[in-house]
Structures are given as C-alpha cells and as structure tokens.
Amino acid sequence: MKSVKLDEHQFQEYLSAEVIADKVAVLGAKINNDYTSNDPPIVIALLNGAFIFAADLCRQFDFECQLQLLRVSSYKGMESTGKVKIDHDAEP
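Using the working numbering, you'd call the opening residue of the sequence shown number 359 and step up by one each time.
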C-alpha cells in the first residue's frame, strides 16, 4: 500500500488509480445504459474535489453533456460564517 506525505501529514492509499478508473468506467457504462433523453444532461461538480472525477466520468459518456463547476463555501478564514455561499462561475 502506497503512502503520501503532505506537509506534516501522512496518508495511506485507500484505492489505487486503476481501481478508481475501473469504477468510473462502470458508472459511465451504467449512465450510458440508463440515460435515454435526447437532451444533453448537465453534470454539476463541486470544487475543489470533484472536478477531476466529473471530467473523467463525462469522458465515459456516449453522448454530449454540459459540465458545470460550483464552488461552495461557508467559511471566512478559519471561522464559519453560518451561511453557505455558492459561486456558479467557478474556475478550477
């Protein structure tokens, strides 16, 4: 099992890149099978963590889709503002 060090933190690999790619392909095949509309779907990914997964998933589709990225935050610095802010014009 591989480990990665980020700053002072040590992380163990939970799933390999190959396992994740296989699962994304299976999910993409299921969506291809189930999606019957002629309208291109909109795939919404929350930054920062989901945009790579969403892009990989969209590449599995046999149809066109639109990928929208949203940034959601409720913190200012280290403190919660108590309000959720959604930025729909987010760039990765």
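Glycine is no exception: its CB is placed at the ideal position from the N, C-alpha and C atoms.
{"query": "Can you look up Asp-380 in the DSSP assignment and give me helix, strand or coil?", "result": "helix"}
{"query": "For Gly-386, which of helix, strand or coil comes out of DSSP?", "result": "helix"}
{"query": "Smallest Cα separation from Thr-394: which of Ala-408, Glu-422, Ala-403, Ala-379?", "result": "Glu-422"}
{"query": "Just the Cα atoms here: how many angstroms apart are Asp-420 and Gln-426?", "result": "18 Å"}
{"query": "Would you list the residues sitting across from His-446 in a DSSP beta bridge?", "result": "Paired residue(s): none; His-446 is not in a bridge."}
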